[in-house]
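With our numbering as the guide, the letters of the sequence shown map in order to residues 671 to 1108. Beta carbons are placed, not taken as given, at the ideal position from N, Cα and C, and that holds for glycine. Below is one structure, written out as structure tokens; comments come after it.
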Amino acid sequence: MLDNETKRRIDTARDILVGKVPDPKSQVEQITIALVYKFMDDMDMEAVELGGKPSFFTGDYERYAWHRIFDPRIGGHEMLNLYADAITRMSQNPNLPELFRNIFKNAYLPYRDPETLKLFLKTINEFTYDHSERLGDAFEYLLSVLGSQGDAGQFRTPRHIIDFMVAIVSPQKNELILDPACGTAGFLISAYKHIMRENTSEKYRSSNGNGRGDLLTTDERKKLLTNFKGYDISPDMVRLSLVNMYLHGFVNPQIYEYDTLTSEDRWNEYADVILANPPFMTPKGGIKPHKRFSVQSNRSEVLFVDYIAEHLTPTGRAAVIVPEGIIFQSANAYKQLRKMLVENYLYAVVSLPAGVFQPYSGVKTSILLMDKMLSKKTDSILFVKIENDGFDLGAQRRPIDRNDLPDALQVIREYIEKVRNGKADAFHADEKPCSALL
671 MLDNETKRRI
681 DTARDILVGK
691 VPDPKSQVEQ
701 ITIALVYKFM
711 DDMDMEAVEL
721 GGKPSFFTGD
731 YERYAWHRIF
741 DPRIGGHEML
751 NLYADAITRM
761 SQNPNLPELF
771 RNIFKNAYLP
781 YRDPETLKLF
791 LKTINEFTYD
801 HSERLGDAFE
811 YLLSVLGSQG
821 DAGQFRTPRH
831 IIDFMVAIVS
841 PQKNELILDP
851 ACGTAGFLIS
861 AYKHIMRENT
871 SEKYRSSNGN
881 GRGDLLTTDE
891 RKKLLTNFKG
901 YDISPDMVRL
911 SLVNMYLHGF
921 VNPQIYEYDT
931 LTSEDRWNEY
941 ADVILANPPF
951 MTPKGGIKPH
961 KRFSVQSNRS
971 EVLFVDYIAE
981 HLTPTGRAAV
991 IVPEGIIFQS
1001 ANAYKQLRKM
1011 LVENYLYAVV
1021 SLPAGVFQPY
1031 SGVKTSILLM
1041 DKMLSKKTDS
1051 ILFVKIENDG
1061 FDLGAQRRPI
1071 DRNDLPDALQ
1081 VIREYIEKVR
1091 NGKADAFHAD
1101 EKPCSALL
């Protein structure tokens, strides 16, 4: 759980940067680079304290060790030049694992004010790499300042919506989990936390619901860390995802810079669980996909849903956020996609309030729920309408008492259970809150 002191440090770092780096995305990148830089030095110092040797800052790169930047004999301009040189060269440091080299790829210092840098680095220096979940929670808080990715039509998925979707699909410890448009890896982290929580004995469950996974064997824990995979077309998002996963315990996160819609390199890779909030907008001129999609279209939302459906294993499940056009558009590609979904994949649709992505977008969205096994057992589709998601629909999205999500989750789980056990006729949607059978 995020403590107030950690939150204060992140807010302070952003406040220091805002005058020189007004763009929130650039602020996040600068803080990310500095944090990873600091943490690598912490790991080196820890190794030395334990009688070992530093791993990252050795040879020609020893002079770039984080603690050397704070040498009191170094003046402001010298500190600035040393730091700027360090982050620029770090991607070529042969002592770094590929994960860290990728994080520093194209890194640079976007301002030349020594006083701003000194204040910024002093704040970052208050963080310590301690192998705990706190750092992951802190980084997720930092990522929450990322809202719209604008031109790509991507909007950061609110944490409570992510957790709701994960709770529905209920990923298991032995399943492969994929997000083909992973952004900052929010769905993957939530799925990981869900599995850890479900494999934690009651006495070790924390008050905020997180778990340490004490019921997992050593081999199960190792295997679990290899079961999460994410793709994103943006190298910036890939970098942030790598850090987010690493700070949640993934030493070798499987996050790839990959164009899900136009590349065939990973077409033959399937997943047991797919969670996604893919980009809604299509670039001018459309997308030019390859020919392996069942539905031929140049619309990104159509292609992403097609991709997700086609890349489920025979027992696979998915939850994907889509613009409402997927459900109501009359163009042939949309009709063809709906026919494919209804006949083979879809078992429920959850309608979300129009302001769920405020303040970044008022776009009306729904969640499509797919299960290849479940869809074969019923001709009906459950429709669930969320009027209130626990927050008002203003720009600030302040918490309110009204929240349909817990009831909706219970209704969906009951429906899944009834259909799975061949008792779909015993489910009476008219007696349930916010639901209907279509």
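Indicate whether residue i and residue j have their beta-carbon atoms separated by less than 8 Å.
| i | j | result |
| --- | --- | --- |
| valine 1054 | isoleucine 1086 | no |
| alanine 989 | leucine 1044 | no |
| leucine 912 | isoleucine 773 | yes |
| threonine 952 | glutamate 994 | no |
| isoleucine 680 | leucine 812 | yes |
| glutamate 1091 | arginine 1072 | Checking the displayed sequence, the identity of residue 1091 turns out to be asparagine instead of glutamate. Result no, Cβ atoms of asparagine 1091 and arginine 1072 do not sit closer than 8 Å. |
| asparagine 938 | glutamate 810 | no |
| isoleucine 957 | threonine 930 | no |
| proline 784 | leucine 750 | yes |
| valine 1033 | phenylalanine 950 | yes |
| lysine 690 | threonine 758 | no |
| alanine 1106 | alanine 1099 | yes |
| leucine 1063 | proline 1023 | yes |
| leucine 1052 | tyrosine 1017 | yes |
Looking at C-alpha atoms only, which residue of the options is the closest neighbour of residue i?
| i | options | result |
| --- | --- | --- |
| serine 761 | Arg771, Tyr753 and Asp755 | Arg771 |
| glycine 986 | Pro828, Lys1042 and Asp730 | Lys1042 |
| isoleucine 991 | Thr827, Phe963 and Ala1106 | Thr827 |
| tryptophan 736 | Leu720, Ala754 and Pro905 | Ala754 |
| isoleucine 865 | Leu848, Pro841, Arg875 and Ala851 | Pro841 |
| serine 904 | Glu980, Pro850 and Gln1080 | Pro850 |
| leucine 1075 | Leu720, Arg829 and Gln697 | Arg829 |
| alanine 1078 | Cys1104, Ile1070, Arg1067 and Arg1068 | Cys1104 |
| proline 742 | Lys788, Tyr707 and Leu720 | Lys788 |
| phenylalanine 769 | Tyr734, Ala808, Glu716 and Val706 | Per the sequence shown, residue 769 should be read as leucine rather than phenylalanine. Nearest option by C-alpha distance: Val706. |
| glycine 806 | Tyr734, Thr728, Leu752 and Phe709 | Phe709 |
| aspartate 730 | Thr702, Tyr874 and Pro764 | Pro764 |
| aspartate 693 | Asp711, Val815 and Ala808 | Val815 |
Put residue i into one of helix, strand or coil per three-state DSSP.
| i | result |
| --- | --- |
| glutamine 1080 | helix |
| valine 836 | helix |
| tyrosine 781 | coil |
| glutamate 927 | strand |
| phenylalanine 950 | coil |
| aspartate 1074 | coil |
| lysine 873 | helix |
| leucine 812 | helix |
| arginine 987 | strand |
| glycine 745 | coil |
| valine 1109 | Because the chain is modelled from 671 through 1108, residue 1109 falls outside the range shown and cannot be assessed. |
| serine 967 | coil |
| asparagine 1091 | coil |
| leucine 895 | coil |
| lysine 1046 | coil |
| alanine 1018 | strand |
| proline 905 | helix |
| alanine 941 | strand |
Taking all protein chains shown into account, do 16 or more other C-beta atoms lie within 10 angstroms of the C-beta of residue i, making it buried, or fewer, making it exposed?
| i | result |
| --- | --- |
| lysine 1102 | buried |
| glutamine 966 | exposed |
| serine 860 | buried |
| histidine 747 | exposed |
| tyrosine 778 | exposed |
| alanine 1001 | exposed |
| valine 921 | exposed |
| asparagine 674 | exposed |
| phenylalanine 1027 | buried |
| glutamine 1110 | Beyond the ends of the chain as shown, which are 671 and 1108, falls residue 1110; an answer cannot be given. |
| isoleucine 978 | buried |
| valine 718 | exposed |
| aspartate 714 | buried |
| glutamate 796 | exposed |
| phenylalanine 1061 | buried |
| isoleucine 686 | buried |
| asparagine 947 | buried |
| threonine 798 | exposed |
| valine 1089 | buried |
| proline 959 | buried |
| isoleucine 1056 | buried |
Can you give the beta carbon distance from residue i to residue j, rounded, assuming they're within the 8 Å contact cut?
| i | j | result |
| --- | --- | --- |
| lysine 843 | glutamate 872 | So it is not a contact: roughly 18 Å between Cβ atoms. |
| valine 943 | valine 839 | 5 Å |
| leucine 895 | glycine 856 | About 18 Å; that fails the 8 Å criterion. |
| arginine 969 | glutamate 934 | With 8 Å as the limit, arginine 969 and glutamate 934 do not qualify as a contact, their Cβ atoms being about 19 Å apart. |
| isoleucine 997 | methionine 835 | Not confirmed; about 17 Å, so no contact. |
| threonine 888 | glycine 881 | Not really, about 17 Å apart at Cβ, beyond 8 Å. |
| arginine 684 | glutamine 697 | 5 Å |
| alanine 704 | isoleucine 794 | 4 Å |
| tyrosine 901 | tyrosine 928 | 4 Å |
| isoleucine 739 | leucine 791 | 7 Å |
| threonine 854 | leucine 910 | 5 Å |
Does residue i get closer than 8 Å to chain C when you measure Cβ to Cβ?
| i | result |
| --- | --- |
| lysine 1009 | Going by chain labels, chain C is absent from the structure shown, which holds only one protein chain. |
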